[in-house]
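I have placed the structure first, in the form of structure tokens, so that the comments after it can refer back to it.
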Amino acid sequence: MPKARAIPLVVLSLGGSVFRTGEGDAAYLRKLASLLHEVATSHRLVVTTGGGRTAREYIELARELGLTPIELDELGIEVTRLHARLLAGLLGPPVSPTPPTTLGEAVREAHRGGIVVLGGTEPGHTTDGVAALLAARLRADRLVNATSVSGLFDKDPRRDRSAQRIERCGWDQFRDQVASVGRGDPGQQFVFDALGAELLARSRIPLWIVDGRDLDQLEGALLGRPFIGTRVE
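Start counting at 1 in the sequence shown, then tack on 56, and there's your number in our numbering.
Written out as structure tokens, the structure is:
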């Protein structure tokens with residue numbers, strides 16, 4: 057008797073810069089929820105939500121008020137969990153309305169099937185890092201990073217119109233680009249964090265980077281089809 061084919065598992069790191077922009081957010085989130093439900097008919101799906109601009113604004117205010125770096129991280133985590141709760145509520149049952157707050161809880165929910173949605177877990181880990189940890193623990197087929205740009209570029213495309221998208225690259229090149237951005241202080245913006253990149257490289261899990269607001273391209277990446285973006289593997 058032929059062996060049953062395993063259902064693919066995809067981890068989606070949904071950047072806060074994609075989740076909430078201030079322009080058409082409600083319409084975008086409704087379409088995103090519909091897409092995630094469709095993907096979940098053929099794939100197991102775990103989604104982490106970032107904090108984006110909202111988290112950065114709180115972190116900057118708290119930094120000015122003298123809160124410690126740990127407290128800044130914890131503040132940002134609360135915003136990511138608020139985003140996770142909003143998305144979970146929009147997706148509706150059987151998605152848990154109370155997102156898991158630890159890796160262990162998220163792994164247990166993922167093994168039960170369906171869509172798992174969560175925010176951050178603990179200070180020192182971005183939601184990209186959480187997504188990478190989950191991908192490694194769950195032996196995911198790939199991690200899709202939905203961000204505010206259409207892939208990895210040789211320069212910041214928001215500041216330099218001559219920037220060229222890198223369609224494919226290896227882990228050494230990607231590590232170098234991540235390292236050149238900075239240390240990952242609370243509220244900092246970067247393509248993907250160093251912890252996450254290192255985990256994925258060691259686990260040999262592909263990282264696909266895509267414009268999260270372009271739902272056609274996001275669908276392609278989630279389903280393992282052609283898409284406009286970057287493949288790191």
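A virtual CB, placed ideally from N, CA and C, is assigned to each residue, including glycine.
Mind checking residue i: buried by the 16 CB within 10 Å criterion, or exposed?
i	result
residue 212	exposed
residue 220	exposed
residue 121	exposed
residue 229	exposed
residue 194	buried
residue 177	buried
residue 117	exposed
residue 124	exposed
residue 168	exposed
residue 97	exposed
residue 187	buried
residue 78	exposed
residue 80	exposed
Could you tell me how far apart the beta carbons of residue i and residue j are, in whole angstroms, since I believe they sit closer than 8 Å?
i	j	result
residue 175	residue 183	6 Å
residue 216	residue 180	31 Å between Cβ atoms; not a contact.
residue 114	residue 131	5 Å
Do residue i and residue j have their C-beta atoms within less than 8 Å of each other?
i	j	result
residue 162	residue 151	no
residue 261	residue 202	no
residue 292	residue 109	Any property of residue 292 remains undetermined from this structure, which presents the chain solely from 57 to 289.
residue 106	residue 68	no
residue 279	residue 103	no
residue 138	residue 92	no
residue 267	residue 205	yes
residue 257	residue 227	yes
Just checking residue i against the ligand PLP - is the residue's beta carbon closer than 7 Å to any of the ligand's heavy atoms?
i	result
residue 92	No copy of the ligand PLP occurs in the structure displayed, which carries no ligand at all.
Using DSSP's beta-bridge definition, name the partner residues of residue i.
i	result
residue 209	221
residue 69	104, 201
residue 147	The partner list for residue 147 (beta bridge, DSSP) is empty, contrary to what the question assumes.
residue 267	203
residue 174	104
residue 288	225, 263
If I measure Cβ to Cβ from residue i and keep anything under 7 Å in the same chain, skipping five residues before and after, which residues do I get?
i	result
residue 63	99, 100
residue 189	159, 255
residue 135	107, 110, 111, 114
Once the 5 residues before and after residue i are set aside, which same chain residues still bring their CB inside 6 Å of it?
i	result
residue 249	182, 184, 185, 240
residue 231	253
residue 60	Residue confidence for residue 60 is low, a pLDDT of 44 falling below 50, so the modelled location carries little weight and cannot support an answer.
residue 225	288
residue 133	176
Considering only residues of the same chain and omitting the five flanking positions on each side of residue i, which have a CB-CB separation below 8 Å?
i	result
residue 264	198, 199, 200, 201, 277, 283, 285, 286, 287, 288
residue 165	152, 156, 172
residue 126	179
residue 65	99, 100, 101, 102, 166, 194, 195, 196, 197
residue 76	108, 109, 110, 139
residue 273	206, 266, 267, 283, 284, 285
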